[in-house]
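So the structure is just underneath, and the comments pick up after that.
Protein chains: 2
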Amino acid sequence: MSETTPHWLTKRADLSPNKKAIEFEDGSSITYLELFHRSQSYAKKLAKLGLQKGDHIAILSTNSVEMIQAVYACSYLGTVVVLLNTKLTLNELNQQLLDSDAKMIISSGSFKSKEFAIQQINYRDLESVSEKQIGITLNEEICLDDIFTMMYTSGTTGFPKAVQQTYGNHWWSATSSVLNLGLHENDKWLIPLPLFHVSGLSTMLKSVIYGMPIYVLEKFDVEKVHDAIMNRNVTIVSVVTVMVQRLVKRLGNNHYPNCFRCMLLGGGPAPKSLLEEAKKRNIPVFQSYGMTETSSQIVTLTPEEALNKIGSSGKPLFPAQLKIDHNKTEPNQIGEIMVKGPMVTKGYYKRTETNKEVFENNWLHTGDMGYLDEQGYLYVVDRRNDLIISGGENIYPSEIENVLVQIDGIEEAGVKGIPNEEWGMVPAAFIVCSKPIDMKVINTHLEKYLAKYKHPKEIHVINELPRNATNKLVRHRLGK
Amino acid sequence: MSETTPHWLTKRADLSPNKKAIEFEDGSSITYLELFHRSQSYAKKLAKLGLQKGDHIAILSTNSVEMIQAVYACSYLGTVVVLLNTKLTLNELNQQLLDSDAKMIISSGSFKSKEFAIQQINYRDLESVSEKQIGITLNEEICLDDIFTMMYTSGTTGFPKAVQQTYGNHWWSATSSVLNLGLHENDKWLIPLPLFHVSGLSTMLKSVIYGMPIYVLEKFDVEKVHDAIMNRNVTIVSVVTVMVQRLVKRLGNNHYPNCFRCMLLGGGPAPKSLLEEAKKRNIPVFQSYGMTETSSQIVTLTPEEALNKIGSSGKPLFPAQLKIDHNKTEPNQIGEIMVKGPMVTKGYYKRTETNKEVFENNWLHTGDMGYLDEQGYLYVVDRRNDLIISGGENIYPSEIENVLVQIDGIEEAGVKGIPNEEWGMVPAAFIVCSKPIDMKVINTHLEKYLAKYKHPKEIHVINELPRNATNKLVRHRLGK
């Protein structure tokens, strides 16, 4: 039976009205009661604009209080939130806007564009909408089976698809995490990651579910994160590998305060040397494994093991399950990682065929490769389908390849990740051309169709792509 | 959609195999891995005895590791556990055994009786059953919609009915509590209450869900509880009013250690003077409100409010809702307390009619009276239907009245609670007789049909019972 709960923000505003909900870098903050009123106000304004239960609303925004209000406003209206990556090009955004069936796009002023495929409103204009005389009843309850958010991920085909996350997925993610990390009265979680990614969003939701203040940065800045941990009583921070690298360097021979208890590391593998370095400095790095489809981390090291199982992502969270898709019973055998649990998405939006392929009795084929050691700890050896994780952003080679072959004269393209000191990995392209091509042409085309972080940092012209017997591209042999 | 999770104990044994799960008063303890193996062993033995998925199994036991193993064994088999109150008479027990459709009764040796209506086995005999050659698959997952436990409560009619608690009810109860009380790495919860009551059972389940050791006493003993808080690093204890009274007295001018952070007070109202006394000594008493039907507390004060809202039970836990059943919108208006939430029972076993009466759109009529103050804090003014709470045990006047009128010569009987310094309340009976009756006859009858704690402490012979215009007994006017 589907469960209902009171609306999370309404409930939190009732339980902890005057408690600090969110702190910002300028020193300002907002209480749960204020967040509640502002979100309800946004909801009424959106209703006035004609939006209603079941509609899809896209949000294009860097981290801000307005963005958080907009997300909660959607939940009060019963609309589905489509979270857009601000780094995408207009073309990529329009693709997602159309695919997601969004009716409107809410954004900060800086993302104003006349070329969006659908109606756009910025925060300022939204705020000037009158709330008067709207006969709207805002949701007082949340049904856990309802879809709350959608986020795009590309996957193997190179065509982005929307991961649907229910309220229940987010709820279970939040409660699972608390069963692993505990919950202290002094907890304050720092978000230096975008709220349009699941790690940022999930922490934003934890704030309301836990009654725990979060400190939200507009974007990652090593000085600001360092300062927050050293001086602002932050106890937990979510990071990706590149951030750990910079933070370790910034810390030097100093030490973090005792109240700082968890650096939750997601978004791809971390070099063992870095983890060793962090351990040496007593930085409580918790490696984890998760993806948009699991509504944030689904596998994490426990506090007890964080410093003893370096290199492992840990064990699946309490309500979650994990198995390696092979018939071997011995440990240390590599296979595809499969996951199951109430935080796992019920499927991609409008992708019936893909959903049939990737789900097997409620188990999700992640496409990632890994193994379990003798004690059942997960080691991820390869992210799915040649996925390139660059500074925490997922990049799918096929998406870049698709864009490259649209260029007149490029017959074939292969993309793979190459190591990069700063970003972990960056994409490198290998193209087969039928005529000489000006690099400027390629760059102009990439600018138009691909977010900057997806642009190949190297482009090599070669005679033919390495293919296997069935003519399938073998990406790892590119450039070798 | 119904959610599944891995089996809780299997999961915990995987995550924290060597962590202490349960400590006992003799200083011994058991790890999660040991508890897992022993529970699975019990499950296989029960299977060997012919018990299988869907069967109902009764447990009659004081607190012990065997009892805990038996409960988890049932969950591995997929059988429903009927938890019996050890204070009941043989007659009362047989009533519940038959009503619950239990197939077998598991008990400690001290409860052996040839007069049980169904087959009985004690722990020692169970342990001697061979586990060999049993083709049984134990549950690896838990389906949250499945019924896990049943506990009897009497209610207005005087005929006990079984509250059905699903795995989901218990899961939500445990996670709701952690969102209120937090979860610290050093937490250790003391259980001085019987595991056959929901407050004891729910803490036993929290141990496995949280990975938190519990310290289990066979029964309440003020010296042992005092010692555990003072010297054994207990951080939380569940108590009823009479225990707080004795503990406060025992503490004298001493202080509890700082790590002791919560005395969770359930099972009926506490005198304000006692709460003030506790506050004076910095004892962190958290008043709460709950019942078997809500799978433990559903309303609790937050840590911040525990010492400021004395007399209130607090606000409903995060996923729970509460309202007062009247049409008044002003605060402080008394009415029936109604509750809703995923920890609330889906209904009484085989009581279709009662279920129709007490549930209204998933809201449960508790029968208890109370009001909400201006800030929405609950004050319980009267427990349901003249319920007498005596030392944490619920006593229903109608049940005693039904037993009294079976005695030849007693025409009518009325029972009400009267204040008692030690137990809070005790029952007093008022009888109308058609002939003189020997007190010995009454006592012998009570011994046979009613648990000792339900026996009236006073019996008054009167000429007629106070009744209202519709001839309904007005219990509060008894003896006035």
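For the protein sequence lines, the chains are Z and A, in the order given. Quick note, the first sequence lines up with residues 1237 to 1716 if you use my numbering. Quick note, the second sequence lines up with residues 1237 to 1716 if you use my numbering. We treat Cβ as the ideally placed atom computed from N, Cα and C, and that holds for glycine.
For residue 1272(Z), none of the residues of chain A pass the 7 angstroms Cβ criterion, the least Cβ distance being about 14 angstroms. Around the beta carbon of residue 1333(Z), 16 or more other beta carbons sit within 10 angstroms, so the residue counts as buried.
Between residue 1523(A) and residue 1550(A), the C-beta gap is smaller than 8 angstroms, which places the two residues in contact. In the three-state reduction of the DSSP assignment, residue 1303(Z) falls in the helix class, which pools H, G and I. Within chain A, 1538, 1551, 1554 have C-beta atoms less than 8 angstroms from the C-beta of residue 1251(Z), given in sequence order. By the neighbour-count criterion, in which 16 or more other beta carbons inside 10 Å mark a residue as buried, residue 1243(A) falls on the buried side. Between residue 1446(A) and chain Z, the shortest Cβ-Cβ separation is below 8 angstroms. Boundaries for residue 1343(Z): no alpha helix (DSSP H) harbours it, while the beta strand (DSSP E) harbouring it runs 1338 to 1343, taken from the DSSP string. Around residue 1247(Z), the beta-carbon contacts reaching into chain A at under 7 angstroms are 1554. Residue-level contact by beta carbon fails for residue 1400(A) and chain Z, as no gap is shorter than 8 angstroms. Runs of alpha helix (DSSP H) with 4 or more residues, each lying fully within the region 1442 to 1507 of chain A, are found at 1458 to 1467, 1477 to 1487, listed in chain order.
Under the three-state reduction of DSSP, residue 1538(Z) is assigned to coil, being neither helix nor strand. In the structure shown, residue 1358(Z) adopts extended strand secondary structure according to DSSP, grouped into three states. By the neighbour-count criterion, in which a residue is buried when 16 or more other Cβ atoms sit within 10 angstroms of its Cβ, residue 1315(Z) is buried. A straight-line Cα-Cα distance of about 12 angstroms links residue 1418(A) and residue 1445(Z).
For residue 1267(Z), the secondary structure class from DSSP, reduced to helix, strand or coil, is strand. Under DSSP, the beta-bridge partners assigned to residue 1561(Z) are 1572(Z). Contact between residue 1354(A) and residue 1339(A) holds: CB atoms are separated by about 7 angstroms, below the 8 angstroms threshold. Contact between the region 1505 to 1517 of chain A and the region 1466 to 1485 of chain A is established, with three or more Cβ pairs separated by less than 8 angstroms.
Residue 1411(Z) has a beta carbon lying within less than 8 angstroms of a beta carbon in chain A. The beta carbons of residue 1297(Z) and residue 1325(Z) sit no closer together than 8 angstroms.
Our two residues, residue 1377(A) and residue 1423(Z), have alpha carbons roughly 32 angstroms apart in a direct line. Interface with chain A (8 angstroms Cβ-Cβ cutoff): residue 1578(Z) is included. Using a 10 angstroms sphere on the CB of residue 1274(Z), the tally of other CB atoms reaches 16 or more, which defines it as buried.
Look at residue 1579(A) here: in three-state DSSP terms it is coil, with no helix or strand label. Bounds of the alpha helix (DSSP H) holding residue 1331(A) are 1326 to 1335.
The C-beta of residue 1243(Z) comes no closer than 8 angstroms to any C-beta of chain A. Close CB contacts of residue 1530(A) within its chain, under the 7 angstroms cut and outside five residues either way in sequence, are with 1575, 1579, 1580 (chain order). Rounded to the nearest angstrom, the Cβ distance from residue 1449(A) to residue 1625(A) is 29 angstroms, too far for a contact under 8 angstroms. A Cβ-Cβ contact shorter than 8 angstroms links residue 1406(A) with residue 1438(A).
When C-beta distances to chain Z are compared with 7 angstroms, the residues of the region 1412 to 1428 of chain A below that value are 1414, 1415, 1418, 1419, 1420, 1421, in chain order. Looking at 1486(Z), 1528(Z), 1299(Z), 1278(Z), the one whose alpha-carbon comes closest to that of residue 1361(Z) is 1278(Z).
The DSSP-derived three-state label of residue 1433(Z) is coil. Residue 1637(A) carries a helical assignment under DSSP once its states are collapsed to helix, strand and coil.
For the region 1275 to 1299 of chain A, the set of positions with a beta-carbon nearer than 7 angstroms to some beta-carbon of chain Z is empty. In the DSSP assignment, residue 1625(A) falls within the beta strand (DSSP E) that extends over 1624 to 1626.
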